[in-house]
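*Asks:*
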Amino acid sequence: MKAIGRVLCSPTQNGSVRRGGILMVAALILPVLFILSGFVINLAYLQLSRTELLVATDAATRAASRTYSELQDRDAARIAAQVTAAYNRVAGSPLRIDPNTDLKFGYADNGNSSSRYTFTELSEAQLNSGTRIANAILVSSSRTPGSGSGPISFPMPGFVLPNASPITQSSTAVQIDRDIILVLDRSGSMAFKYYDWPRGTNPWNTDAYDAAVQAGLMTKQTDRRGRVTYYYARGVSSDDYQDWAWSDYFNLGPPPKSPWEDLKIAVRNFLDILQEQNQNGLVGIASYSSSASLDIHLTRDFAAVAAELDTLSPSGSTAIGEGIEEGALGLFDPSYARRYAMKSLIIMTDGMQNAGIDPVTATNNLESQHQVTIHTVTFSTGADQGRMKQLAKAGNGQHYHADNGNELIEVYREIARNLPTLTVE
Numbered sequence: 435m436k437a438i439g440r441v442l443c444s445p446t447q448n449g450s451v452r453r454g455g456i457l458m459v460a461a462l463i464l465p466v467l468f469i470l471s472g473f474v475i476n477l478a479y480l481q482l483s484r485t486e487l488l489v490a491t492d493a494a495t496r497a498a499s500r501t502y503s504e505l506q507d508r509d510a511a512r513i514a515a516q517v518t519a520a521y522n523r524v525a526g527s528p529l530r531i532d533p534n535t536d537l538k539f540g541y542a543d544n545g546n547s548s549s550r551y552t553f554t555e556l557s558e559a560q561l562n563s564g565t566r567i568a569n570a571i572l573v574s575s576s577r578t579p580g581s582g583s584g585p586i587s588f589p590m591p592g593f594v595l596p597n598a599s600p601i602t603q604s605s606t607a608v609q610i611d612r613d614i615i616l617v618l619d620r621s622g623s624m625a626f627k628y629y630d631w632p633r634g635t636n637p638w639n640t641d642a643y644d645a646a647v648q649a650g651l652m653t654k655q656t657d658r659r660g661r662v663t664y665y666y667a668r669g670v671s672s673d674d675y676q677d678w679a680w681s682d683y684f685n686l687g688p689p690p691k692s693p694w695e696d697l698k699i700a701v702r703n704f705l706d707i708l709q710e711q712n713q714n715g716l717v718g719i720a721s722y723s724s725s726a727s728l729d730i731h732l733t734r735d736f737a738a739v740a741a742e743l744d745t746l747s748p749s750g751s752t753a754i755g756e757g758i759e760e761g762a763l764g765l766f767d768p769s770y771a772r773r774y775a776m777k778s779l780i781i782m783t784d785g786m787q788n789a790g791i792d793p794v795t796a797t798n799n800l801e802s803q804h805q806v807t808i809h810t811v812t813f814s815t816g817a818d819q820g821r822m823k824q825l826a827k828a829g830n831g832q833h834y835h836a837d838n839g840n841e842l843i844e845v846y847r848e849i850a851r852n853l854p855t856l857t858v859e
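As structure tokens, then:
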């Protein structure tokens, strides 16, 4: 039988073949890796440039918005945006924007608190006439062939990504500066204190009167026939006597407050919230009874606003419409009001309109000429909630009702919390 022969490669020949195969694979893979590396490097650089553009645009927008708020000057806001943008580098170069074309003034509104803000550009004619107030600034930026900074240049040109990929960005800042006039009811009903005496605590008897005489709140006189008459001591009112009877004689705790006293506490809480949130708001007071007055002009001095409350006292009728007119005068007094700030009236009453111009007419007259947000607050069951709701609707605001002093405080706190400045997009 013939044996089949075998041909075996030597160890030296086998190693050479393997090394040749590895070199061929490496020759194919290395260029691919080089191309992929170029792609990854350029992609990372593009993402970095986009982030830098976003940061620079946001900074320019915020600078413009803050300048516009503080100086009430559109040209100053444009310069602030341009200068701030140039301080920020994008892809190694300062960001250059055209303040005349890349910056727009407009109005941002979210419709309701749960929806997204939308920006509507306002024309120069609208801005100059004052028919619409700009509360938002939109800044657009780009690194494109036609932009001030030009296109970006990649560190690995020619690899997958184009050498000058355009990137764009926009940012909108909403700076809701508020000029706020509190329109307060100081009619006679605001002074009335209601004492709901518990059973067995009648202050209108001789035992209570005699105790009041001992306390110096009353005097006692007896005529020839032995009949006794009690009089309030000099400077003591019926409310003073009942307060004493409530807290000292019957030990019922702090006496009830008048609506006016509750209102003063509520307004001070309102001012405290504005102060704590560092809102850029000015506040003034108008008040009304049989007629109305502008008691303190728009100011940042909230302590002065609170102190002004102590100079007012309730009496007379309820001329809500005249209060609205006085409040409007305060909102648009050029010596105190800011031209580009949002305007708000917060109107409070505990009763029914019974003097002067109808408040609905006064509100319609105001809204036909200006853009003013009107919030209304009714206090006590006797207040005209229906009419006050009409005013709030006409002024695109909210109506609030409080049945007691604690609820009134919370209403004013809620209104203050809902006034902050916002930044969007």
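Under this note's numbering, the first residue of the sequence shown is numbered 435, with each subsequent residue one higher. We put the CB at the ideal spot given by N, CA and C, even for glycine.
Please return the same chain residues whose Cβ sits closer than 7 Å to the Cβ of Ala796, not counting the five positions on each side in sequence.
*Replies:* Gly755, Ile758 and Glu759, listed in sequence order.
*Asks:* Check Gln516 in the structure and name its three-state DSSP category.
*Replies:* Gln516: helix per DSSP, three-state reduction.
*Asks:* If I measure Cβ to Cβ from Leu556 and keep anything under 7 Å in the same chain, skipping five residues before and after, which residues do I get?
*Replies:* Closer than 7 Å at Cβ, skipping near neighbours: Phe539, Gly540, Tyr541, Arg566 and Ala568.
*Asks:* Can you list, in chain order, the residues of its chain with a C-beta nearer than 6 Å to that of Ala836? Leave out the 5 residues immediately preceding and following it.
*Replies:* Result list for Ala836: Phe813, Leu842 and Val845, in chain order.
*Asks:* Among residues of its own chain, excluding the 5 on either side of Phe498, which ones have a beta-carbon nearer than 6 Å to its beta-carbon?
*Replies:* The sequence as given places Ala at residue 498; Phe does not occur at that position. For Ala498, where only same-chain residues beyond five positions count, the Cβ hits under 6 Å are Ala511, Ala514, Ala515 and Ile571.
*Asks:* For the pair the segment 615-630 and the segment 685-693, tell me if three or more CB-CB distances fall below 8 Å.
*Replies:* Segments in contact, yes.
*Asks:* Would you mind reading off the limits of the alpha helix (DSSP H) that contains Met822?
*Replies:* Per DSSP, Met822 belongs to the alpha helix (DSSP H) from Gln819 to Ala828.
*Asks:* In terms of residue numbering, what span does the alpha helix (DSSP H) encompassing Phe766 cover?
*Replies:* From DSSP, Phe766 is part of no alpha helix (DSSP H); its letter is neither H nor E.
*Asks:* Of the choices Arg612, Gln481 and Asp792, whose alpha-carbon is the least far from that of Gly764?
*Replies:* Of the candidates Arg612, Gln481 and Asp792, the one whose C-alpha sits nearest the C-alpha of Gly764 is Arg612.
*Asks:* Cα-Cα, which of Ala525, Glu504 and Asp735 is closest to Leu489?
*Replies:* First, the residue type needs correcting, since residue 489 is Val and not Leu in the sequence shown. Of the listed residues, the one whose Cα sits closest to Val489 is Ala525.
*Asks:* May I ask you to report which of helix, strand or coil DSSP gives Asp613?
*Replies:* Looking at Asp613 - three-state DSSP - the assignment turns out to be strand.
*Asks:* What span of residues does the alpha helix (DSSP H) with Gly718 cover, start to end?
*Replies:* Where Gly718 is concerned, there is no enclosing alpha helix (DSSP H), although the beta strand (DSSP E) it sits in stretches over Gly715 to Tyr722.
*Asks:* Can you have a look at Trp638 and say buried or exposed, based on whether 16 or more other CB atoms are within 10 angstroms of its CB?
*Replies:* Exposed: under 16 other Cβ atoms inside 10 Å.
*Asks:* Going by DSSP in three states, Pro465 sits in which element: helix, strand or coil?
*Replies:* It is helical.
*Asks:* Could you check what DSSP says for Pro528 in three-state terms: helix, strand or coil?
*Replies:* In this structure, Pro528 counts as strand in the three-state DSSP scheme.
*Asks:* Would DSSP call Leu732 helix, strand or coil?
*Replies:* Strand, per DSSP.
*Asks:* Measuring alpha carbon to alpha carbon, tell me which residue in Tyr502, Ser527, Asn562 and Tyr551 is nearest Leu537.
*Replies:* The shortest C-alpha separation from Leu537 is found at Tyr502.
*Asks:* Should Thr606 and Thr535 be called a contact, given that it needs their Cβ atoms to be closer than 9 Å?
*Replies:* Cβ atoms of Thr606 and Thr535: not closer than 9 Å.
*Asks:* With 16 as the cutoff for other CB atoms within 10 Å, does Gly790 come out buried or exposed?
*Replies:* Label assigned to Gly790: buried.
*Asks:* So does the segment 796-806 actually touch the segment 638-655, counting three or more Cβ pairs closer than 8 Å?
*Replies:* Short answer: they don't touch.
*Asks:* Roughly how many angstroms separate the alpha carbons of Thr578 and Thr491, rounded to a whole number?
*Replies:* Straight-line Cα distance between these residues: approximately 15 Å.
*Asks:* Expressed to the nearest angstrom, what Euclidean distance is found between the alpha-carbon atoms of Gln506 and Asn852?
*Replies:* If I take the Cα positions, the gap works out to 23 Å.
*Asks:* Apart from the five residues just before and just after His809, which ones in its own chain have a Cβ nearer than 8 Å to its Cβ?
*Replies:* Cβ neighbours of His809 beyond the five flanking positions: Ser778, Leu779, Ile780, Ile781, Ala826, Gly829, Gly831, Gln832, His833, Tyr834 and Ile849.
*Asks:* Do the segment 742-753 and the segment 715-725 make contact, defined as three or more Cβ pairs closer than 8 Å?
*Replies:* With a cut-off of 8 Å, the segment 715-725 and the segment 742-753 count as touching, because enough Cβ pairs lie within range.
*Asks:* Mind checking who Arg577 pairs with in its DSSP beta bridge?
*Replies:* In the DSSP output, where bridge partners are listed per residue, Arg577 has Ile601.
*Asks:* Measuring straight from C-alpha to C-alpha, what distance separates Val701 and Gly669?
*Replies:* Those two C-alpha atoms are separated by around 28 Å.
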